[in-house]
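J.:
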Amino acid sequence: MGSYNDNALYPLLQLTHTVHNGIINAVANGPANIRGALHFQGTLKTADLIAKRDEILGKFFDLQNNSGIIFTDSQTGEFKPFENKAILLDAAQMEIIEEQVFGYFNLNKNIVFSNYTEVQFDGFYNSVVAPILEQFSEAFTYKVFTARERGYGNRIIFTSN
Numbered sequence: 051m052g053s054y055n056d057n058a059l060y061p062l063l064q065l066t067h068t069v070h071n072g073i074i075n076a077v078a079n080g081p082a083n084i085r086g087a088l089h090f091q092g093t094l095k096t097a098d099l100i101a102k103r104d105e106i107l108g109k110f111f112d113l114q115n116n117s118g119i120i121f122t123d124s125q126t127g128e129f130k131p132f133e134n135k136a137i138l139l140d141a142a143q144m145e146i147i148e149e150q151v152f153g154y155f156n157l158n159k160n161i162v163f164s165n166y167t168e169v170q171f172d173g174f175y176n177s178v179v180a181p182i183l184e185q186f187s188e189a190f191t192y193k194v195f196t197a198r199e200r201g202y203g204n205r206i207i208f209t210s211n
């Protein structure tokens, strides 16, 4: 019946897994990411920096500030935003990966999601299901019956409706 070889499939599945983890991490860590730095003039002690940070967080980063805007003055400091962009694959790239995974198993999206026409299902059945049933029939026949019993026409036949 042949041997199973997932070496061709493993990189695709690993890529899909990485993309999905990236999406999960982008959603989960989005609010916690550092968006920028607040630069103060002069030198401040660590305790003063922590006090300033806590003051700003208390004033601007609470549930009442739903605008997402912070106003600063020269004493508060200058805000320098960081450029944080999550790198995600677009729909066309994901579609290509999906097609490659389906192609490995000799499937297509319509068959997997049961959105097929009669012609598509007949093609799928004749090219995928029927050969598997034939392989099962031959394997079970040779494992269950002796050569003499097979000589008398004994066979195990797998069918589907």
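Everything in the sequence shown is counted per the numbering used here, starting at 51 for the first residue and increasing by one. Don't be surprised by glycine CBs; every beta carbon is placed ideally from N, CA and C.
1) Return the first residue and the last residue of the alpha helix (DSSP H) that ARG200 is part of.
2) Out of ALA141, GLU199 and PHE208, which has the shortest C-alpha to C-alpha gap to HIS70?
3) Work out the CA separation of LEU62 and SER177 for me, nearest whole Å.
4) In the structure shown, what three-state DSSP assignment does GLY153 receive?
5) In terms of alpha-carbon separation, which member of GLU105, THR196 and PHE132 lies closest to GLY86?
6) For PHE233, I'd like the list of residues in its chain whose CB is within less than 7 angstroms of its CB, leaving aside the five on either flank, ordered along the chain.
7) Can you find the residues in the same chain that come closer than 6 angstroms, C-beta to C-beta, to THR191, ignoring five residues on each side of it along the sequence?
8) By Cβ distance below 6 angstroms, which residues in the same chain neighbour GLU128 in space, the five residues on each side in sequence not counted?
T.: Answer, in terms of the structure:
1) Here residue 200 refers to the residue found at position 150 when the sequence shown is read from its first residue. Looking at the DSSP string, the run of the alpha helix (DSSP H) that includes ARG200 is 197-201.
2) Translated into positions along the sequence shown, residue 70 becomes position 20. Answer by Cα proximity: ALA141.
3) Numbered from its first residue, the sequence shown carries residue 177 at position 127. Numbered from its first residue, the sequence shown carries residue 62 at position 12. Approximately 23 angstroms between the Cα atoms of the pair.
4) Here residue 153 corresponds to residue number 103 of the sequence shown, with the count starting at 1. In this structure, GLY153 counts as helix in the three-state DSSP scheme.
5) Reading the sequence shown from its first residue, position 36 is the one you call residue 86. Among GLU105, THR196 and PHE132, the Cα nearest to that of GLY86 is on PHE132.
6) Residue 233 lies beyond the range of the chain shown here (51 to 211); nothing can be said about it.
7) Within the sequence shown, the letter at position 141 stands for residue 191. Hits under 6 angstroms: ARG205 and ILE206.
8) Here residue 128 refers to the residue found at position 78 of the sequence shown. HIS89, listed in sequence order.
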